[in-house]
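Engineer:
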Amino acid sequence: MATATATASAVQMEGEVVGERRGIPAASFVKDVEAYLNQLGLDVNSALAFLQERLQQYKVVEMKLLAQQRDLQAKIPDIEKCLDVVATIQAKKESDETLLTDFEVSEGIYARARIDNTDFVCLWLGANVMLEYSCEEATTLLQNNLENAKASLEVLVADLQFLRDQVTITQVTIARVYNWDVHQRRVKQTSSQDS
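Residue numbers (numbering that gives the first Met the number 0): 0 to 194.
1) To the nearest angstrom, report how far apart valine 219 and glutamate 153 are at their CA atoms.
2) Any idea what DSSP makes of aspartate 31, helix, strand or coil?
3) For the alpha helix (DSSP H) holding threonine 172, just list the boundary residues, first then last.
4) Across which residues does DSSP place phenylalanine 102 in a beta bridge pair?
5) Here's the rule I'm using: 16 or more other beta-carbon atoms within 10 Å means buried, otherwise exposed. How should glycine 14 be labelled?
6) If you run the structure through DSSP and keep just helix, strand and coil, what is leucine 82?
7) In whole angstroms, what is the alpha-carbon distance linking leucine 140 and glutamate 131?
8) Taking Cβ positions, are cysteine 134 and aspartate 118 nearer each other than 8 Å?
9) What is the C-beta distance between phenylalanine 155 and glutamine 67, in whole angstroms, given that I count them as a contact (C-beta under 8 Å)?
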């Protein structure tokens with residue numbers, strides 16, 4: 000089966016080179032099932048097993064990409080909120096006003112805070128790390144993080160679309176191979192009855 004996987008990933012069908020996108024192997028549309036099977040050197044059952052295995056691999060990758068998409072979709076609003084807070088702190092500092100705010104101490108428990116003019120904010124970077132930045136540095140860092148997160152999300156959405164196309168192509172190929180096999184069995188059965 001390992002040779003079938005290696006062979007199938009390098010198959011070139013009717014001028015269409017099978018490639019990949021960011022590590023996701025591309026599925027090739029099979030126009031001629033018999034030529035496809037001959038080129039791979041597989042019987043129908045082995046080809047179907049290979050295609051089912053590839054389909055399962057696509058599903059695993061899809062689950063990982065969807066988890067990454069959910070993480071990014073949750074991260075972007077958080078970054079935007081942080082940018083708003085830093086902008087509010089800067090605006091209050093420039094107008095020499097004291098900022099009164101409520102913040103969450105624990106789930107469901109809030110406290111009121113008075114923030115006097117400050118030039119610095121602390122940003123939670125994750126992994127139990129918090130660093131102090133000037134408001135300008137914090138704004139620059141958060142804007143870069145926001146741009147990177149949005150760009151990553153766009154790439155992820157494109158990867159998911161590519162993956163869904165590959166799943167569809169693989170499902171169609173499985174159906175075509177299966178239907179071809181059923182047709183071949185009927186032809187053999189009909190020819191044996193006629194003899």
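Where a beta carbon is used, it is the ideal one built from N, C-alpha and C, also for glycine.
Structural biologist: By the coordinates alone:
1) Summary: the structure shown does not reach residue 219, with the chain confined to residues 0 through 194, and so no result is reported for it.
2) In the three-state scheme derived from DSSP, where H, G and I count as helix and E and B as strand, aspartate 31 is classed as coil.
3) It spans 134–193 - the alpha helix (DSSP H) in which threonine 172 sits, taken as one unbroken run.
4) In DSSP, phenylalanine 102 forms a bridge with Ala110.
5) Confidence at glycine 14 is low in this model, with a pLDDT of 37, below 50, so its placement is unreliable and the value that follows should be read with caution. With fewer than 16 Cβ atoms within 10 Å of its Cβ, glycine 14 is classed as exposed.
6) Looking at leucine 82 - three-state DSSP - the assignment turns out to be helix.
7) Roughly 12 Å between the two C-alpha positions.
8) Closer than 8 Å, so yes.
9) For clarity, residue 155 is leucine in the given sequence; the question names phenylalanine instead. Correct: roughly 6 Å between the Cβ atoms.
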